[in-house]
Amino acid sequence: MADQPTPEATTEKNPPGEAVSQKPSSGGVFSRRRLLGTAGATGLALGAAGGAAGYAAAPAADKAAPLTSLGTDTVMFHGKHQPGITTALQARGHLVAFDLAAGAGRKEAAALLRRWSTTAQRLMAGEAAAQDDTDVARDAGPSSLTVTFGFGNSFFARTGLEKQRPVALDPLPDFSSDHLDKARSNGDLWVQIGADDALVAFHALRTLQKDAGSAARVRWQMNGFNRSPGATTQPMTARNLMGQIDGTRNPKPSESDFDRRIFVPAAGDPAWMANGSYAVVRRIRMLLDDWEKLSVKAQEDVVGRKKSTGAPLTGGTETTAMNLDKTDADGNLVVPLNAHARITRPDQNGGAAMLRRPFSFHDGFDTDGVPDAGLLFVCWQADPLRGFVPVQRKLDRGDALSTFIRHEASGLFAVPGGAAEGEYVGQRLLEG
Ligand SMILES: C=CC1=C(C)c2cc3[nH]c(cc4nc(cc5[nH]c(cc1n2)c(C)c5CCC(=O)O)C(CCC(=O)O)=C4C)c(C)c3C=C
Ligand SMILES: [Fe+2]
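Next comes the structure, spelled out in structure tokens:
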């Protein structure tokens, strides 16, 4: 099995938050975003850069120097893990859940995952869809397109695979602050699409939806975005719609416990989830009218970090360790007890950790002018009971940020390991 390039490339040479592409032809590693002088990533990297393949390649006579390398950046479909987990944040994202159609079972699901995998592989390589391509992504390279597939709890009963359902897919507990819309939650199948070009991302979404044919129909869809590569003068961790630097303390692939925290072990249970991960998806509305009324100082107390730099309120730079015990001249804790960045720390939650890989969203304004905007919070972990659940329980009991956010939809999905060459995603489940 060809592993995806491991993100060790995020080393001292590449500051936290920088995306790195590997260029297999030269064997060397170069950072596209360093070349472009930008970032907007989570400190996670990867992607093999290659020439734009398939219909993205212009006739030789017309070839002009590319404006940037953004279009040619390619992430590999085949690998130990699925793409879109440790891949640097992309500028555009679609999250979409499908339900199997009445009468569709294991056979139809297997055929669908086979079709989807073929499409994902082709599109991620910059090729056209196998049939009836719409030309929407024509002229563009793969633009770091990733497609990631997952299974929801309800998938297993519908396909007669109950015995294969992981315990980790048991429904998430209710949280007292939840305002969940069931119609926009969960689903039999989940697809995450990310790309640095909006047309490339839409093209993938539409192609995969057409591939579903009569086997499955869309249950819900959410559209998100992040900063575009090249927008900042230097590599930086992304900001969210509250203006905070968000992603600083994500686990790093270079850390020794990264794999253990984020991925199911190769010998894990059930066997078909080897090298997979569990994705928790939450549509979190930000109450921006209230948030924006706060002074910057008050906003910083909510999080426990400086808004401008992301540094802890106890001093230093973005990556300086937070001094949890530091007090001011009046004896008050500098980082308040309910500050979000204090209470979400693994050392305050029995070691619970997750990899946050969100997209921002903005779905217009309500009739009263209130923005329907926030965070499509996607987090990855080897086991939600040792990742999202204990931390969200803690947040539910008293997080300073909770006054300014509302969880509106929720999903939990089992995302199997990456497909080997010649395999489709989920084959070990569907044909095991
Ligand atoms: C249950 C998990 C979490 C939810 C839900 C959540 C929502 C949420 N967070 C921010 C903004 C920030 N979060 C930050 C850190 C942080 N948040 C979580 C977990 C959840 N956040 C964790 C595990 C951490 C890291 C803790 C640590 O290891 O120190 C930060 C600080 C900077 C950073 O480290 O990323 C910000 C800012 C928003 C806006 C939000 C919901 C909309
Ligand atoms: Fe957070």
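Taking UniProt numbering, the leading residue of the sequence shown gets 1, the next gets one more, and so forth. Beta carbons: idealized from backbone N, C-alpha and C, even for Gly.
Every unbroken beta strand (DSSP E) inside the stretch 52–140 [3 residues or more]: The DSSP assignment places 92–100 as complete runs of the beta strand (DSSP E) inside the stretch 52–140, in order along the chain (cut-off: 3 residues).
Where M222 sits in the DSSP three-state scheme: Here M222 carries a strand assignment [DSSP, helix/strand/coil].
Three or more C-beta pairs below 8 Å linking the stretch 83–94 and the stretch 158–173: Not touching, per the Cβ criterion.
Distance cut-off 7 Å: D135 Cβ against heavy atoms of ligand 1: No, since every heavy atom of ligand 1 falls outside the 7 Å radius drawn around the Cβ of D135.
Cβ-based burial, Q234 [other Cβ within 10 Å; buried from 16]: Exposed.
For T344, three-class secondary structure by DSSP: Collapsing the DSSP output to three states places T344 in coil.
Those residues which DSSP pairs with T148 across a bridge: Q192, per the DSSP bridge assignment.
Any non-hydrogen atom of ligand 1 closer than 7 Å to residue 444 Cβ: The chain is shown from 1 up to 432; residue 444 falls before or after that span and cannot be answered.
Counterpart residues of V415 in DSSP-defined beta bridges: DSSP output for V415 lists S277 as bridge partner(s).
Start-to-end residues for the beta strand (DSSP E) that takes in residue 475: This structure does not reach residue 475, given that the chain is present from 1 up to 432, and the question cannot be answered.
heavy atom of ligand 2 below 7 Å from H340 C-beta: Answer for H340: yes, Cβ within range of ligand 2.
Reduced DSSP category for F258 - H, G, I as helix; E, B as strand; rest coil: F258: helix per DSSP, three-state reduction.
Touching by the beta-carbon criterion (3+ pairs, under 8 Å), the stretch 118–131 and the stretch 174–184: Contact fails between the stretch 118–131 and the stretch 174–184, because fewer than three Cβ pairs, one in each stretch, are under 8 Å apart.
Length of the line joining the Cα atoms of G43 and G310: Residue confidence for G43 is low, a pLDDT of 36 falling below 50, so the modelled location carries little weight and cannot support an answer.
Check whether V191 and V147 have beta carbons under 8 Å apart: With a cutoff of 8 Å on beta-carbon distance, V191 and V147 are scored as near each other.
Secondary structure of G37, DSSP reduced to three states: Any reading at G37 needs caution, since the residue's pLDDT is 28, under 50, leaving its predicted position unreliable; the model's value is listed next. Taken through DSSP and simplified to helix, strand or coil, G37 comes out as coil.
Cβ-heavy atom distance, R345 to ligand 1, below 7 Å: Within the cutoff, so yes.
Reduced DSSP category for Y424 - H, G, I as helix; E, B as strand; rest coil: The answer is coil: DSSP assigns Y424 none of H, G, I, E or B.
Backbone secondary structure at L429 - three-state DSSP: DSSP places L429 in helix when its eight states are reduced to three.
Length of the line joining the Cα atoms of F77 and D328: If I take the Cα positions, the gap works out to 51 Å.
R386 - DSSP class collapsed to helix/strand/coil: R386: helix per DSSP, three-state reduction.
Euclidean distance between Cα positions of D197 and L333: Each residue's alpha carbon lies about 44 Å from the other.
Where F175 falls: helix, strand or coil (DSSP): F175 falls in the coil class under three-state DSSP.
Where L67 falls, given that 16 or more other Cβ within 10 Å makes a residue buried: Counting every other CB atom within 10 Å of its CB across the protein chains shown gives L67 a total below 16, marking it as exposed.
For residue 438, three-class secondary structure by DSSP: Because the chain in this structure spans residues 1 to 432, residue 438 falls outside the shown range and cannot be described.
Residue range of the alpha helix (DSSP H) that includes L199: The continuous alpha helix (DSSP H) containing L199 extends over residues A198 to A212.
Closest by C-alpha distance to P229, when choosing among D366, L412, D290 and A195: Among D366, L412, D290 and A195, the Cα nearest to that of P229 belongs to A195.
Contact set for P346: own chain, Cβ-Cβ below 7 Å, skip 5 residues either direction: Cβ neighbours of P346 within its own chain (closer than 7 Å, five residues either side excluded): A352 and A353.
Assigned secondary structure, S26 (DSSP; H/G/I helix, E/B strand, else coil): For S26, the predicted structure reports a pLDDT of 29, less than 50, and the residue's modelled location is therefore unreliable. A value from the coordinates is still provided. Here S26 sits in coil by DSSP.
Contacting residues, own chain, Cβ-Cβ under 7 Å from T317 (five flanking each side not counted): So the list reads T309 and A311, once near-sequence residues are dropped.
Three-way DSSP call (helix, strand, coil) for A339 in this model: When secondary structure is reduced to three states using DSSP, A339 falls in the coil class, being assigned neither helix nor strand.
Start-to-end residues for the beta strand (DSSP E) that takes in A298: The continuous stretches of beta strand (DSSP E) do not include A298, which lies in the alpha helix (DSSP H) extending over residues V296 to V303.
Same chain, Cβ closer than 6 Å to G426, neighbours up to 5 away in sequence not counted: Correct list, in chain order: L113 and P416.
Within 8 Å, strictly: CB atoms of P270 and Q392: No, Cβ-Cβ distance for P270 and Q392 is not below 8 Å.
Buried or exposed by the 16-neighbour rule on C-beta atoms within 10 Å, applied to T344: When all chains shown are included, T344 counts as buried.
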